[in-house]
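A short worksheet on the structure shown next.
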Amino acid sequence: VQLQASGGGLVQVGGSLRLSCAASGSRFIRTIDMGWFRQAPGKQRELVATFTKRGGTDYSDSVKGRFTISRDNAKNTVYLHMYGLEPEDTAVYFCEYHGVAGTSWGHGTLVTVSS
250 VQLQASGGGL VQVGGSLRLS CAASGSRFIR TIDMGWFRQA PGKQRELVAT
300 FTKRGGTDYS DSVKGRFTIS RDNAKNTVYL HMYGLEPEDT AVYFCEYHGV
350 AGTSWGHGTL VTVSS
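Residue 250 is where the sequence shown starts when you use the numbering used here, and the numbers rise one by one after that.
Set out below in structure tokens:
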């Protein structure tokens with residue numbers, strides 16, 4: 250499975266961004282098996298948002314109420330809508346697929362929040 254992430258950039262504190270991740274390469278792809286992680290400079294990669302097995306959503310405490318994950322099954326694409334961005338959100342954001350077709354990571358997209 251190949252993952253193509255996009256949408257990162259430079260934004261001011263309080264601003265918004267939408268990240269996209271399109272999956273391809275397998276007919277077994279389900280968007281419910283995709284999620285978003287991030288890695289800030291000098292820190293470990295952490296889970297940001299994902300889908301539960303029943304189609305709900307789950308978020309890290311640090312982004313809850315500010316970020317929303319959504320998906321478009323027809324496009325095999327998941328999105329991360331980020332609002333109220335803070336300098337602590339500065340990181341490389343990665344899309345991950347973990348499902349029947351194995352585990353894959355996207356190349357990452359950089360989000361920089363300036364104060």
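By construction, the Cβ of each residue, glycine as well, lies at the ideal position given by its N, Cα and C atoms.
Report task. Pull up the distance between the alpha-carbon of Ser255 and that of Val349, whole angstroms please. Result -> 24 Å
Report task. Please name the residue in Gly333, Gly355 and Val260 whose C-alpha comes closest to that of Phe286. Result -> Gly355
Report task. Identify, in the order they occur along the chain, each residue of the same chain with its Cβ nearer than 7 Å to the Cβ of Arg279, setting aside the five sequence neighbours on each side. Result -> Gly348
**Report entry** Identified DSSP bridge partners for Ser251
**Finding:** First, the amino acid is wrong: residue 251 is Gln here, not Ser. Answer is Ser273, bridged to Gln251.
Query raised in the report: Based on Cα-Cα distance, which residue from Leu359, Gly263 and Ser275 lies nearest to Thr352?
Result: That would be Ser275, whose Cα lies nearest to the Cα of Thr352.
**Report entry** Where Gly284 falls, given that 16 or more other Cβ within 10 Å makes a residue buried
**Finding:** buried
Report task. With distances taken Cα to Cα, identify the nearest neighbour of Ser265 among Tyr308, Arg303, Ala323 and Thr339. Result -> Thr339
Report task. Kindly indicate which residue of Ala323, Leu252, Glu335 and Ser311 has the alpha-carbon position closest to the one of Thr361. Result -> Looking at the Cα atoms, Glu335 is the closest of the given residues.
Query raised in the report: Beta carbon of Cys270, beta carbon of Leu296: below 7 Å?
Result: no
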